[in-house]
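Engineer: In our numbering, the protein residues as written are 3 to 315.
A virtual CB, placed ideally from N, CA and C, is assigned to each residue, including glycine.
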Amino acid sequence: MRSLIISLATFIAGLAVVMGLSFGQAHAADVTLLAVESAGGPQVKGDIAWNVIKVNKETGKPEAKPTFSGNGAKLVAKLEPGQYLVTAKLGKTEASQAIIVGKSATTRSLILSDATATTASKKPEAGPPAQLSINMKLSKGKSPVKEPVLWEVFKYQKGATEEGEKVAEQKAAVGEFSLPGGSYVVRSHFKGTKADLVIPIQAGQSLKYTLNLYAGYVKLSAMKPNKQKSTAEALTWQILRQRPNAPGVYELVTSSEKPDPTVMLREGRYLAVARLGNKLWGSEPLVITAGETASKKVRLKEGVGAPEVAAAN
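1) CA-CA distance, A296 and Y272?
2) Can you check whether the CB of A308 is closer than 8 Å to the CB of Y216?
3) Could you tell me which of V255, G250, N247, P246 sits nearest to Q240, measuring between CA atoms?
4) Between the Cα of K80 and the Cα atoms of E39, T69, N247, V275, which residue gives the shortest distance?
5) Out of A30, S258, T109, point me to the one whose CA is closest to T238's CA.
6) Can you grab the Cα-Cα spacing for the pair S180 / A100, in whole Å?
7) Please say whether I55 and L87 have beta carbons closer to each other than 8 Å?
8) With a 10 Å radius around its C-beta and 16 neighbouring C-beta atoms as the bar for buried, classify V306 as buried or exposed.
9) What runs of the beta strand (DSSP E), each 3 residues or longer, lie entirely inside the region 39-82?
10) Assign E269 to one of three DSSP states: helix, strand, or coil.
11) By DSSP, does E294 sit in helix, in strand, or in coil?
12) To the nearest angstrom, how far is it from the Cα of N228 to the Cα of Y252?
13) Report all residues from its chain with a CB closer than 6 Å to the CB of L209; omit the five preceding and five following residues, and keep chain order.
14) What's the C-alpha gap between P287 and L242?
15) Within a Cβ cutoff of 7 Å, which residues of the same chain sit near E149, ignoring the five residues on either side of it in sequence?
16) Does E178 come out as helix, strand or coil in the three-state DSSP assignment?
17) Answer with buried or exposed for R268, where buried requires no fewer than 16 other C-beta atoms within 10 angstroms of its C-beta.
18) Once you ignore the five residues that flank H191 on each side, which residues in its own chain have a CB closer than 6 Å to its CB?
19) Considering only C-alpha positions, which residue in the set A197, K196, Q172, K168 is nearest to S185?
20) If we ignore side chains and look at the alpha-carbon of each, how far apart do G166 and P202 end up?
21) So, at 7 Å on beta carbons, what are the nonlocal neighbours of T163 in its own chain, with the 5 sequence-adjacent residues on each side left out?
22) Tell me the rounded alpha-carbon separation between A224 and V33.
23) Mapping DSSP to helix, strand and coil, what is E235?
24) Rounded C-beta distance between A37 and A90? I'm assuming under 8 Å.
25) Taking the runs of the beta strand (DSSP E) that are 3 residues or longer, which of them lie wholly in the region 86-118?
26) Where do the ends of the beta strand (DSSP E) carrying Y158 lie?
27) Taking S208 as part of the beta strand (DSSP E), name the residues at either end of that continuous run.
28) For G72 and E96, what's the separation of their Cα atoms in angstroms?
29) Take A236 and list the residues in its own chain whose beta-carbon comes closer than 7 Å to its own, dropping the five residues that flank it on each side.
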């Protein structure tokens with residue numbers, strides 16, 4: 003009996019490990035990457051060096067370390083849903099392309115030839131302009147927004163987006179741009195939120211993107227201290243990055259002068275600060291999940307200690 007119990011425990015433990023692995027990989031999709039000489043052209047043969055880098059959904063910038071890498075004429079990788087920047091290099095020829103990965107297996111081809119090679123920082127290339135169409139959805143499963151979005155297009159440059167030259171701007175639900183081949187950052191502004199998306203573009207390409215804002219909502223309300231007399235002063239709200247920067251100053255994300263606002267924010271962690279005149283203030287941490295609405299009450303108090311806030315970019 004004792005040996006049966008031990009065997010059964012070992013089996014369950016092993017099963018738990020297997021199930022844990024399968025759960026962890028449940029949302030990963032098989033992505034096959036190929037290189038071709040031209041659009042619709044033959045596959046490039048050779049020992050291609052591949053790098054796949056996840057694009058941070060909050061910042062729109064590629065992460066510091068590759069998510070997956072390998073060598074060969076093709077690369078098969080298991081990738082979680084999201085946006086990635088794929089780079090293929092063969093000798094001195096290099097090409098980069100942004101891809102969107104869902105839950106289903108897919109095959110993607112990159113154009114890799116001396117005439118069309120591009121890197122993340124490549125200058126605009128000669129040839130017919132590319133046509134870029136981009137819209138936005140607030141979270142998974144939502145339809146694209148129909149309200150106007152402010153779209154800004156910058157030439158890609160390492161560092162802050164603003165360090166690149168702004169080449170186009172448009173306010174529309176769907177941004178339509180004609181651009182020379184090169185690499186760009188598309189910045190969206192919508193209801194107080196900001197998102198950046200890195201997009202490498204080949205000359206003559208026609209690209210359609212949907213930017214997932216990964217946004218949720220929070221309903222805010224404030225409570226004054228007991229026996230606090232009413233005041234004519236207006237209640238103001240500030241939403242800050244949860245952590246201060248190196249000098250100890252908090253970055254302002256958005257603000258509102260409504261007494262009980264419902265604020266849309268990108269998925270992440272924030273700090274809600276309420277101020278009533280110069281004497282009362284309060285703060286509470288916020289956790290925003292895409293597609294969900296949270297509620298948060300902030301208790302106001304007297305005294306010093308309110309965070310120092312930097313202006314929004």
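Structural biologist: Per the coordinate set shown:
1) When the Cα atoms are used, A296 and Y272 turn out to be separated by approximately 12 Å.
2) Taking the C-beta atoms as reference points, A308 is found no nearer than 8 Å to Y216.
3) Looking only at V255, G250, N247, P246, the smallest Cα-Cα distance to Q240 is reached by V255.
4) Of E39, T69, N247, V275, the smallest CA-CA separation from K80 is found for T69.
5) The candidate whose alpha carbon is nearest that of T238 is S258.
6) When rounded, the distance between both Cα atoms is 18 Å.
7) Against a cut-off of 8 Å, the Cβ pair of I55 and L87 comes out as a contact.
8) V306 sits exposed, since fewer than 16 C-beta atoms from the chains shown fall within 10 Å of its C-beta.
9) Here the runs fully enclosed are 51-56, 70-73, 76-81.
10) Looking at E269 - three-state DSSP - the assignment turns out to be coil, as it is neither helix nor strand.
11) Per DSSP, reduced to three states, the secondary structure at E294 is coil, with no helix or strand assignment.
12) The straight-line gap from Cα to Cα measures roughly 29 Å.
13) The residues L134, in chain order, have a CB closer than 6 Å to that of L209 in the same chain once the five nearest residues on each side in sequence are set aside.
14) So the two alpha carbons sit approximately 9 Å from each other.
15) Excluding residues up to 5 positions away in sequence, A175 lie with their Cβ nearer than 7 Å to the Cβ of E149 in the same chain.
16) Here E178 sits in strand by DSSP.
17) R268 sits buried, since 16 or more C-beta atoms from the chains shown fall within 10 Å of its C-beta.
18) Only L152 meet the Cβ criterion.
19) For the options A197, K196, Q172, K168, the alpha carbon positioned closest to that of S185 is the one of K168.
20) C-alpha separation (whole angstroms): 14 Å.
21) These residues qualify, in order along the chain: F156, V187, R189, D198.
22) Cα-Cα distance, rounded: 48 Å.
23) Reduced to three states, the DSSP call for E235 is coil.
24) Sure, about 5 Å apart at Cβ, within 8 Å.
25) Assignment of beta strand (DSSP E) within the region 86-118, counting only whole runs of 3 or more residues, yields 95-103, 108-113 in chain order.
26) Segment: none, Y158 is in no beta strand (DSSP E) and carries neither H nor E.
27) Run containing S208: 208-214, per the beta strand (DSSP E) assignment.
28) Straight-line spacing of the CA atoms in G72 and E96 works out to 15 Å.
29) Only E259 meet the Cβ criterion.
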